[in-house]
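2 protein chains.
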Amino acid sequence: MGIAERKGRERAEREQRITAAARLIAESEGWSAVTIRRLAEEIEYSQPVLYSHFENRDAIVAAIAVQGFGELAAALREAVLGSTNHWKALESVAMAYLAFAREHPALYEAMFTLPTGLRFAEADTKPELKDAFMALAAAVGPARADVEVATETFWAALHGLADLERSGRIRQGAREARVRLVISCLIEP
Amino acid sequence: MGIAERKGRERAEREQRITAAARLIAESEGWSAVTIRRLAEEIEYSQPVLYSHFENRDAIVAAIAVQGFGELAAALREAVLGSTNHWKALESVAMAYLAFAREHPALYEAMFTLPTGLRFAEADTKPELKDAFMALAAAVGPARADVEVATETFWAALHGLADLERSGRIRQGAREARVRLVISCLIEP
DNA sequence: GTATATAAACTAGCATTGCTAGATTTTCAA
DNA sequence: TTGAAAATCTAGCAATGCTAGTTTATATAC
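Which chain is which? The protein sequence lines are E and Y, in order.
If you count the first sequence from 1, position 133 lands on 133 in full-length UniProt numbering, and the numbers rise without skipping.
If you count the second sequence from 1, position 98 lands on 98 in full-length UniProt numbering, and the numbers rise without skipping.
Right, dumping it as structure tokens:
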């Protein structure tokens with residue numbers, strides 16, 4: 001009997017409608033506009049239905065954050081492709097990272113600022129999160145001895161730049177100069 | 001008549017009691033426990049009194065964030081003092097920055113994560129904010145031509161490291177190695 | 001085909017929040 | 001002493017996340 005399958009499919013479809021609606025509202029009106037009532041109205045179900053999909057509001061944000069990490073990983077992998085040398089690869093990845101944060105502010109907020117209980121470097125770490133880290137590591141240089149330290153540092157620098165740019169605490173104009181400085185210490189001596 | 005002066009003093013005193021209470025609660029129970037009702041109870045006044053001091057809850061957070069920048073600036077200035085050379089100065093400042101973020105998580109959250117309408121690099125930018133930036137610039141090297149770019153980048157790297165350390169996304173153990181890597185590209189060639 | 005147990009969804013409401021209008025008290029000068 | 005103005009309080013609104021308890025739909029057994 002395909003009834004259970006159909007139900008499963010319909011459930012998954014509805015779950016995706018929830019996250020899609022949440023993401024749309026977050027990107028256009030900010031996360032504070034993403035209320036359970038609003039989402040229920042959007043998917044045309046009552047509020048408790050949402051709680052049969054997600055434990056609480058934070059879990060919805062977390063689901064979108066995971067999507068975000070998947071998309072960030074893809075964007076970073078894409079960025080390395082055309083690069084002809086190490087320097088250009090790093091520069092391309094760095095600019096892609098900053099562009100991603102700039103173009104999807106609500107998504108980036110879900111990934112880094114809002115309280116999701118996402119765990120990193122643990123047994124239950126989502127593959128999307130590992131993928132994003134691996135994409136950075138690929139640009140840093142998988143051969144070098146200190147890959148992990150260098151990738152963590154690269155990531156931190158990019159995240160810091162993205163966050164301070166977003167909040168208007170560093171000048172938008174000097175972006176490329178800052179990226180050059182970051183990269184200069186990641187090129188093997 | 002010193003009546004107006006006395007009233008002014010009492011008002012300032014009460015305002016400080018508000019921020020002190022908010023900060024204490026935030027550090028011990030998190031910012032979500034800092035409610036207007038709770039603060040009113042703490043200072044033994046009714047809720048509307050708080051709104052005669054601050055426009056809204058965010059303004060209270062902002063006031064504490066400004067305090068935080070003042071204290072961060074002091075900590076960074078203190079850190080440079082004993083250093084005998086450029087490298088050690090940068091390392092000392094970097095470690096002091098990360099320690100500050102680690103030891104005052106709620107304060108740091110107010111300064112960088114929570115919505116305060118704090119403006120940087122503008123006419124009405126608070127001196128505390130400038131001071132903190134200047135303290136970093138002092139360690140980077142006031143003489144070099146690209147002070148501003150270098151300081152912004154240094155700041156971003158430190159902020160990124162602090163944020164990713166806090167959320168457990170990079171390993172606590174590799175802190176010094178990451179700091180060394182950041183500094184290595186800030187030393188004049 | 002009909003009854004029944006189970007699954008699914010809804011209604012209604014609780015407790016908490018930030019914030020405020022309007023009443024009330026306190027303060028100070030005439 | 002009085003009256004206006006300043007300071008403070010009471011009470012409540014609208015919105016939020018979340019849930020208990022009820023109703024409705026659905027699939028299975030007869």
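Think of the CB as a built atom: it goes at the ideal place given N, C-alpha and C, for glycine as much as any other residue.
Keep in mind that this is a model prediction, so the values were computed, not measured.
- For chain E, the residues of the region 157-180 of chain Y that bring a beta carbon within less than 8 Å of one of its beta carbons are A157, L158, H159, G160, L161, D163, L164, S167, G168, R169, I170, R171, A174, A177 and R178, in chain order.
- Rounded to the nearest angstrom, the gap between the Cα atoms of E/K7 and E/A143 is 48 Å.
- Counting along the chain, the unbroken alpha helix (DSSP H) around E/R38 starts and ends at I36 to I43.
- Chain Y places no beta carbon closer than 8 Å to that of E/A33, leaving this residue out of the contacts.
- Note on Y/Y108: 16 or more other CB atoms within 10 angstroms of its CB, so buried under the neighbour-count rule.
- Within its own chain, the residues whose Cβ lies closer than 8 Å to the Cβ of E/A40, once the five positions on either side in sequence are excluded, are S46, Q47, V49 and L50, listed in chain order.
- For the C-beta of Y/V182, the chain E residues within less than 7 Å are, from N- to C-terminus, T153.
- DSSP places Y/E78 in the helix class (H, G or I) of the three-state scheme.
- When the alpha-carbon of E/E71 is set against those of E/N56, E/F100, E/A59 and E/L158, the nearest one is in E/F100.
- Annotation: the continuous alpha helix (DSSP H) that includes E/D163 extends over V147 to R166.
- The CB of Y/A150 comes closer than 8 Å to the CB of L181 in chain E, given here in chain order.
- Counting C-beta atoms within 10 angstroms of its own C-beta, E/A121 has fewer than 16 neighbours from the protein chains shown and is therefore classed as exposed.
- By the beta-carbon neighbour count (other beta carbons within 10 angstroms, threshold 16), E/A157 is buried.
- By the rule that beta-carbons nearer than 8 Å mark a contact, E/F100 does not touch chain Y.
- Around E/A94, the same chain offers L158, V179, V182 and I183 as residues with beta carbons nearer than 7 Å, after the five sequence neighbours per side are excluded.
- Distance from the Cα of Y/A132 is smallest, within the candidate group Y/A145, Y/T116 and Y/F154, for Y/F154.
- Interface criterion met: the Cβ of E/F120 is under 8 Å from a Cβ in chain Y.
- Taking 8 Å as the cut-off, the beta carbon of Y/I64 is found closer than this to the beta carbon of Y/A110.
- By the CB criterion at 8 Å, Y/A75 and Y/A96 fall inside the cutoff.
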